[in-house]
Each structure stands twice: as structure tokens, then as C-alpha cells.
Amino acid sequence: MLNAQWLNTFITLVEVGHFTKTAEKLFMTQPGVSQHIKKLEMQLNVELLEKNGKQFELTDAGQQVYQYALALQSKENELIEAVKVDSPHAGKCLFAMSGSLCMQFQVLFLDRQIDHPALFVSLESAPNYRIVDELLSSKIDLGIVTQKIPSPQLEYQLIGEEKLCLVVPFGFDLQNWMLNDLISLGVINHPDCEHYLLQFLSTCNQEHELNNIPHTGYINQLSQILNPVAKGLGFTLLPESAVNAFPSQDQISILPLTEEIKEPLYLVQKRYRSLPNRYNWFIDTIKESFSRI
């Protein structure tokens, strides 16, 4: 990498046209200016100047280096100005949350980007563990999770809760069912299903039955998880918002439970990182959405 100080001295020399005046302008000695130019030439292994007494002309290499140095200086000035401005309407906003929450917030987030085209919004659907991993590796800046995975680097803020639904095929006996009926049916697995199942089984004091429930399918795409349930291939557990978004409501049923299953929702970010102003609208919108429930 070329030395920035040497390049700055070179730019000033070219624009002033005189070694002594360059030294005065940069509060240097004339030998110091000459030394910077010499070091730059040695690093590039080319001559930058053709001297004629106290006059000089740029070589072809010198002209190329001068144009490069100007472009670099311009980029640096642009960066300095950009970082001074913490705009609420420009920059990258990187989020991750469950698929059901993505469905809930996608339209709102896209409308915000339409109103402010300088924003870049990335909304990723991911399970809890991956959200935490991506926060710790700085691939995202903000997430919503349902479990507080301990880490001294993370800060969690409770923002609401989400109801879980146990979804069965239409025609399943909703009144006289027993756990064995679900075991016989089997579960349609998905990335968060085991976590949801444990919550359901704990309300029945049947956590030990987790390993006895056969998996009759696995779906990673939220919008498709209920398709095999609708075809009678198994049951599953999903957030209420995801169930309500399923188009074939007449092919599924929600099993009534003696105890509602609700899980907390946490806004999570790096503990020691202050988010830019552009995140404020999104954070307020997320919080307001759950405060209305």
C-alpha cells in the first residue's frame, strides 16, 4: 500500500510546482519533501519527476501516480464527509428473524425503502441460533429471537410475545384427542419445531415423549410447512401469524389447548455497538407492532 503522507506531499508538489514552497505549505523542510518523493519513487521503482534545475516535469508514471493520488484523496474526502452524516434515510439495514415475523414486517420494511431509496434493507428468515451467530459475526445488526442465548456480547430487550398454534389436518378429533393420537400422526418438522414441541410437551408434563414422536416430513420454507399437514401427513406447531397466512384454511384445524403456549420475543443486538439513526424507525415500528397486540 502506498504511503498516504508521501502521496499527499507529491500532490502538493505537483500543484505548487516548487520544492521550497511545498515545504513551506506543508510545514516541512525542503529535504523532507525531497525525501518523501524519493521514497515514493523507490516504492514504485519508477521516476516520477524529470528535473531541469529548479523546474521539473512529470514523467508518464508521475502523471499516472498524480491522477491516482487525486482520486484516492477525493474518495477519502467523500468518506470523511459521509461518516459525519448519520442519516436516518440512507445506508444498509441488516435484520434476521423468524419466517413468520419476516412475513409480518416485509411489506412495512419495503414501503420504508420505497419512500427512502438510499436505504438498503436486508431481511433474512432464520432460526434463533443462526440469528445469534450472524450477530456475533457482524453479518447482521439486529435480530428478533424467542430465546435468550447467553453471551456477554449480546443485549436482549423484551418486546412482546407470540402465540403458538398446534396445527392438525382437517377432520382430526379436536375434542377427544390424546397425545398418542398426535404421536400416531407424526410431526412435520421445521427449523424451530423441536423448540416449539418442547414448550407444548412441557405444558402437558410430557417432555419425555419428545423422542417418541416420529418425524413424517421436514420443510424449511415457512410458506410450505402447512402443505403436508393439510394433506394429512402430520401435525406441526407454528406461530399464529404464520398459520393465519396459510391460504387453505379449510384443510387444517387448530387444536384447542388447555393452556395457551406463548413465547417471548426479544430484540437482540451487540451490546457495545450503537446502531446508526437509520435503524430507529425500524426499531420503533417493531415495538409498536407488538404493543398493539
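Quick note on numbering: UniProt numbering labels position 248 of the sequence shown as 248, and the sequence is numbered without any gaps. Cβ atoms here follow ideal geometry from the backbone N, Cα and C, with glycine treated the same way. None of these values were measured; they are calculated from a predicted model.
Contact under 8 Å by Cβ, I188 with L222: no
Given 8 Å, three or more beta-carbon pairs between the stretch 264 to 276 and the stretch 136 to 144: Yes: the two stretches touch, three or more of their Cβ pairs being nearer than 8 Å.
Range of the contiguous beta strand (DSSP E) that encloses L58: Q55 to L58
Backbone CA spacing between V132 and F27 [nearest angstrom]: 51 Å
Backbone secondary structure at Y196 - three-state DSSP: helix
Contact belief for F10 with L48 at Cβ below 8 Å, rounded distance in angstroms: 7 Å
K148 in three-state terms, based on DSSP: Looking at K148 - three-state DSSP - the assignment turns out to be coil, as it is neither helix nor strand.
Cβ pair E209, L179 closer than 8 Å: For the 8 Å CB-CB criterion, E209 and L179 form a contact.
Where C204 sits in the DSSP three-state scheme: coil
Reference I219, options N77, D192, N211 and F56, closest by Cα: D192
From K287, S151 and V243, residue whose alpha carbon lies closest to that of P169: V243
Where I140 falls: helix, strand or coil (DSSP): coil
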